[in-house]
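Position one of the sequence shown corresponds to residue 731 (the numbering used here), numbered consecutively onward. Positions of the beta carbon are idealized from the N, C-alpha and C atoms, including for glycine. The structure under discussion appears below in the form of structure tokens.
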Amino acid sequence: MRTWIPDAQGPVGAAALAELVAQLAEPGFGATVLHFVRRIVPATSLSVYRTAVGATPVRFLGLSSRDPDTTADCWRAYVSGPHRHDRTLGQGDTDVPGGVALVSHITAAEVPAEHRSKVYDPHGMVERVSVLRRDDDDSVFAVNFYRHRDTGPFTDREIGDFGAVAPVLLALMRKHVQLTRGADGEASPHRRRLQALAPGMTARELDVCERLLQGMTQEGTAVDLGLSLSTVKTYRNRAFGRLGIHFRSQLFARLLEGGGH
């Protein structure tokens with residue numbers, strides 16, 4: 731495994747970066763980021779989460795360019811136990827500097843055995859590049875891009891090019907999470923708008939709607955909230971009933987009507 735502070739110089743296309751900025755806090759932001767990175771390295775999936783020693787990781791985003799998308803299954807497998815022994819992102823490592831963007835590259839052979847057998851091998855994942863930052867509370871915010879067996883390996887040049895844009899990706903993803911999920915427990919803008927549109931909506935109904943607005947599937951929402959899929963569907967249906975809608979596309983429209991943008 732390699733971890734380093736990236737060089738600020740490198741091939742950054744202004745038009746591509748403008749596209750990322752334009753999608754910030756929009757439901758399709760994750761897909762836009764993955765598409766952007768695929769121009770640099772042959773990554774096939776994306777996972778964004780915060781992790782710390784002794785705590786259950788919190789996932790903010792997960793998606794894949796592959797069909798079917800198995801990122802929810804991967805996350806479920808990861809939090810079933812492998813996260814307890816995972817230090818591949820520098821969790822708990824006092825030598826990892828805080829407050830700066832770090833780039834990490836690791837292959838499946840280098841991850842702990844349980845992690846590899848439960849997460850990497852069953853889902854065909856063989857390689858990962860990450861950009862991460864250790865914060866003051868010693869938690870690590872990580873943006874991870876994975877390669878599967880049916881794509882070619884990351885080359886040193888591709889990894890170097892990824893490192894050049896990694897600090898920008900990290901800053902944008904942190905801002906996206908802050909805008910869509912809220913920071914330090916503060917209600918996100920989407921949550922506040924939903925509360926204004928339907929004051930009777932419960933906390934769990936709001937949780938589900940927020941994740942749908944972020945582009946999560948119902949399955950991904952279930953994993954993220956630690957709920958069954960049927961329970962997520964129940965909360966979604968109740969929330970949609972309060973909003974007078976039936977489909978997720980109408981949820982976006984309802985938010986726009988309520989002054990969402």
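TODO: Would you give the residue range spanned by the alpha helix (DSSP H) that L819 belongs to?
DONE: Within the sequence shown, residue 819 is the residue found at index 89, counting from 1. Counting along the chain, L819 falls outside any alpha helix (DSSP H), and DSSP gives it neither H nor E.
Open item on the list: If distances are taken between C-alpha atoms only, which option among V859, M903 and L909 comes closest to F892?
Closed with: Here residue 892 refers to the residue found at position 162 when the sequence shown is read from its first residue. F892 has its Cα closest to that of V859, out of V859, M903 and L909.
Task: Bridge-paired residues (DSSP) for I836 - done: In the sequence shown, counting from the first residue as 1, residue 836 sits at position 106. DSSP, once it has assigned bridges, lists R858 as partnering I836.
- [ ] Answer with buried or exposed for G971, where buried requires no fewer than 16 other C-beta atoms within 10 angstroms of its C-beta.
- [x] Working through the sequence shown from its first residue, we reach residue 971 at position 241. That one is exposed.
Task: Contact under 7 Å by Cβ, V870 with Q944 - done: Here residue 870 refers to the residue found at position 140 of the sequence shown. Here residue 944 refers to the residue found at position 214 of the sequence shown. Going by C-beta atoms, V870 is not nearer than 7 Å to Q944.
Task: For T951, three-class secondary structure by DSSP - done: Against the sequence shown, residue 951 aligns to sequence position 221. In this structure, T951 counts as helix in the three-state DSSP scheme.
TODO: Would you list the residues sitting across from N874 in a DSSP beta bridge?
DONE: By 1-based counting over the sequence shown, the position of residue 874 is 144. According to DSSP, N874 bridges with S777 and S860.
Task: Cutoff 6 Å; reference V826; Cβ partners in own chain excluding five residues on either side - done: Within the sequence shown, the letter at position 96 stands for residue 826. Same-chain partners within the cutoff: G820 and R864.
TODO: Locate the beta strand (DSSP E) running through G792, then write down its first and last residues.
DONE: Residue numbering aside, residue 792 sits at position 62 when the sequence shown is read from its first letter. It spans V788 to S794 - the beta strand (DSSP E) in which G792 sits, taken as one unbroken run.
TODO: Give the DSSP bridge partners of R732, in chain order.
DONE: Residue mapping note: residue 732 aligns to position 2 of the sequence shown, counting from 1. Answer by DSSP bridge pairing, in chain order: H835.
Open item on the list: Do L862 and L902 have their beta-carbon atoms positioned less than 7 Å apart in this structure?
Closed with: By one-based count along the sequence shown, residue 902 stands at place 172. By one-based count along the sequence shown, residue 862 stands at place 132. No, the Cβ-Cβ distance between L902 and L862 is not below 7 Å.
Task: Three-pair Cβ contact test at 8 Å for the segment 765-784 versus the segment 916-925 - done: Contact check between the segment 765-784 and the segment 916-925: fewer than three CB pairs, one atom from each, fall below 8 Å, which does not count as touching.
Open item on the list: In the DSSP assignment, the alpha helix (DSSP H) including S918 goes from what residue to what residue?
Closed with: Locating residue 918 in the sequence shown gives position 188, where the first residue counts as 1. S918 -> no alpha helix (DSSP H), and no H or E assigned at all.
Task: Closer than 7 Å to chain D by CB, A785 - done: The chain labelled as chain D is not found in the depicted structure, where only one protein chain is given.
TODO: Could you tell me the distance, in whole angstroms, from the CA atom of R887 to the CA atom of A843?
DONE: If you number the sequence shown from 1, residue 887 lands on position 157. If you number the sequence shown from 1, residue 843 lands on position 113. Annotation: R887 to A843 spans about 29 Å, alpha carbon to alpha carbon.
Open item on the list: Just verifying my parser: in three-state terms, what is the DSSP assignment at G828?
Closed with: For this step, residue 828 is matched to residue 98 along the sequence shown. Strand.
TODO: Report yes or no: do the segment 927-936 and the segment 963-980 share at least 3 C-beta pairs separated by less than 8 Å?
DONE: Touching, yes, given that three or more Cβ pairs across the two stretches are closer than 8 Å.
TODO: Go to E756, then tell me how far its alpha helix (DSSP H) extends in each direction, as first and last residue.
DONE: Within the sequence shown, residue 756 is the residue found at index 26, counting from 1. Unbroken run through E756: none, as it is neither H nor E.
TODO: Please work out which residues of its chain come closer than 6 Å, Cβ to Cβ, to A838, disregarding the five sequence neighbours upstream and downstream, and give them in chain order.
DONE: If you number the sequence shown from 1, residue 838 lands on position 108. If we look at A838 and ignore the five residues flanking it on each side, its Cβ neighbours are R846, Y850 and V856.
Task: Expected contact under 8 Å - CB spacing of A802 and Y876 to nearest Å - done: Residue 802 sits at position 72 when you count from the first residue of the sequence shown. Residue 876 sits at position 146 when you count from the first residue of the sequence shown. Not quite, the Cβ-Cβ distance comes to about 14 Å (not below 8 Å), so this is no contact.
TODO: Tell me whether L986 sits in a helix, a strand or coil according to DSSP, three-state version.
DONE: On the sequence shown, position 256 is the one that residue 986 refers to. Helix.
- [ ] State the Cα-Cα distance for the pair S960 and R968, rounded to the nearest angstrom.
- [x] One-based indexing of the sequence shown puts residue 960 at position 230. One-based indexing of the sequence shown puts residue 968 at position 238. Between the alpha carbons of S960 and R968 lies a gap of roughly 12 Å.
Open item on the list: Measuring straight from C-alpha to C-alpha, what distance separates P852 and L793?
Closed with: Here residue 852 refers to the residue found at position 122 when the sequence shown is read from its first residue. Here residue 793 refers to the residue found at position 63 when the sequence shown is read from its first residue. Computed Cα separation, rounded: 17 Å.
- [ ] For S810, count neighbouring Cβ atoms within 10 angstroms of its own Cβ and tell me buried if that reaches 16, exposed if not.
- [x] Mapped onto the sequence shown, residue 810 falls at position 80. So S810 ends up on the exposed side.
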